[in-house]
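Everything on this sheet refers to the single structure shown next.
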Amino acid sequence: MRILSETRHKKVFLIAVSFISLAGLALHLGCPGPAPEQQAGLIDVLIRNFGFEPDSLTITQGDTVRWINLDIVPHTATSGNPDNPGNIGNVFQSVWLAQNESFTHQFNDTGTFIYFCEVHPVMMRDARVIVEEAPAEGEGDGEAGEGGG
Ligand SMILES: [Cu+2]
540 MRILSETRHK
550 KVFLIAVSFI
560 SLAGLALHLG
570 CPGPAPEQQA
580 GLIDVLIRNF
590 GFEPDSLTIT
600 QGDTVRWINL
610 DIVPHTATSG
620 NPDNPGNIGN
630 VFQSVWLAQN
640 ESFTHQFNDT
650 GTFIYFCEVH
660 PVMMRDARVI
670 VEEAPAEGEG
680 DGEAGEGGG
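When the count follows this note's numbering, it moves up by one through the sequence shown with no breaks and lands on 688 for the last residue.
What follows is the structure, encoded as structure tokens:
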């Protein structure tokens with residue numbers, strides 16, 4: 540009965556191969572996926588009637604500001620002060636934004652960032668984004684420090 544013996548041998552081999560494949564699949568499925576990223580804020584500044592609204596904005600470290608030009612004339616959002624050419628555009632610099640175009644910048648550093656419009660540096664200047672430190676996570680008990688007067 541030589542033929543029967545050979546068949547049995549093949550069967551054992553096939554079962555072994557299937558088991559190895561399943562083990563590989565299980566390992567693959569066991570891999571943890573990427574951790575979900577924390578969503579930082581997106582805050583809009585409207586450019587309207589030759590002004591930034593609001594022209595002073597306070598955000599949290601890691602937030603992104605989006606400037607949207609609603610005027611029919613072009614504007615920019617350009618960091619710095621037009622009186623100090625050395626600092627112009629050092630932090631962020633949009634292109635000339637046509638109507639309904641927008642520009643975004645993420646603020647990863649704390650501080651006060653002055654900006655202006657390069658097209659209208661006399662009318663549109665000294666706007667600012669104030670970036671505050673992100674609060675520490677999972678710390679404290681949410682104590683509300685309400686002080687009087
Ligand atoms: Cu402008």
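Positions of the beta carbon are idealized from the N, C-alpha and C atoms, including for glycine. On a predicted model such as this, the values are computed, not experimentally measured, just so you know.
CA nearest to the CA of residue i, picked from the options
i: Q638; options: H614, L596 and T597; result: H614
i: M662; options: A579, G580, D583 and R587; result: R587
i: L596; options: P624, L581 and D622; result: L581
i: F589; options: P674, N647, S641 and D610; result: D610
i: D648; options: V634, L585, I669 and P621; result: I669
i: E657; options: V584, D622 and T651; result: D622
Spatial neighbours of residue i in its chain, beta-carbon cut-off 7 Å, leaving aside the 5 residues before and after
i: A565; result: Bear in mind that the predicted position of A565 carries a pLDDT of just 43, short of 50, making it too unreliable to give a figure here.
i: E672; result: Q600 and T649
Pairwise C-alpha distance: residue j and residue i
i: P660; j: R605; result: 20 Å
i: D594; j: R664; result: 9 Å
i: P575; j: R667; result: A caution first: P575 carries a pLDDT of 45, below 50, which makes its placement in the model too unreliable to give a value.
i: N608; j: P624; result: 24 Å
i: F646; j: T603; result: 6 Å
i: S633; j: T617; result: 6 Å
i: P674; j: A579; result: 13 Å
i: L636; j: V612; result: 8 Å
Cβ shell of residue i (< 8 Å), same chain only, five flanking positions each side left out
i: G619; result: N626, I627, G628, N629, V630, I653, Y654 and F655
i: S641; result: R605, W606, I607 and N608
i: I694; result: In this structure the chain extends from 540 to 688, so residue 694 is not present and cannot be described.
In DSSP terms, what residue i is bridged to
i: A666; result: Y654
i: I582; result: V604
i: H644; result: V604
i: I598; result: V670
Cβ shell of residue i (< 6 Å), same chain only, five flanking positions each side left out
i: T651; result: R667 and I669
Item to check | Residues near ligand 3, criterion Cβ-heavy atom distance below 5 Å | outcome: With respect to small molecules bound, the structure shown includes ligand 1 and not ligand 3.
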